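Residue numbers (my numbering): -5 to 116. Input: a single structure, listed below in structure tokens.
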């Protein structure tokens, strides 16, 4: 980040020479034991809406390549007119998938999942 970060000027700790020596730098890092909080609270500019960290780079790389996990079911949710109530419908069941081995079919409608009705959907 010290070399390429667009908002480097907004983060004093990224400035060249901010730390007088390695010990000061190590102390600074050790005072921030949670990497995710440290990253978002200390190193990211408020203007930066694109930078993020992940705890699973393999999953991230796969998503960039179009690889994802699925049970073979695609669905959408729709809100009833003049209501906060919703229902779902199955738009696709992939062949030879977990979903295809169940009684679920394309076009099925549902209002609850595992007996839970989403009454607070927003």
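All C-beta atoms, glycine included, are put in the ideal place defined by N, C-alpha and C. Just so we're clear, the structure is a prediction, and the values are computed from it rather than from any experiment.
Below 7 Å CB to CB, which residues in the same chain sit around residue i once its five sequence neighbours on both sides are set aside?
{"i": "residue 67", "result": "84, 87, 93, 98"}
{"i": "residue 111", "result": "105"}
{"i": "residue 45", "result": "38"}
For residue i, which residues from the same chain have a beta carbon less than 6 Å from its beta carbon, with the 5 sequence-adjacent residues on both sides left out?
{"i": "residue 71", "result": "80, 82"}
{"i": "residue 13", "result": "19"}
Can you check DSSP and say which residues form a bridge with residue i?
{"i": "residue 110", "result": "107"}
{"i": "residue 87", "result": "67"}
{"i": "residue 82", "result": "71, 104"}
Provide the residue span of the alpha helix (DSSP H) that contains residue i, from first to last.
{"i": "residue 54", "result": "51 to 58"}
{"i": "residue 24", "result": "16 to 24"}
{"i": "residue 31", "result": "29 to 32"}
Give me, in chain order, the residues of the same chain whose beta-carbon lies closer than 8 Å to that of residue i; leave out the 5 immediate sequence neighbours on both sides.
{"i": "residue 2", "result": "-5, -4, 8, 9"}
{"i": "residue 118", "result": "Residue 118 lies beyond the residue range present for the chain, which begins at -5 and ends at 116; the question has no answer from this structure."}
{"i": "residue 101", "result": "83, 84"}
Mind reading off the beta-carbon distance from residue i to residue j? Whole number of angstroms is fine, and I expect it under 8 Å.
{"i": "residue 50", "j": "residue 91", "result": "So it is not a contact: roughly 23 Å between Cβ atoms."}
**Prompt:** Any contact of the stretch 52 to 66 with the stretch 24 to 34, i.e. 3+ C-beta pairs under 8 Å?
**Reply:** Too few Cβ pairs lie closer than 8 Å, so no.
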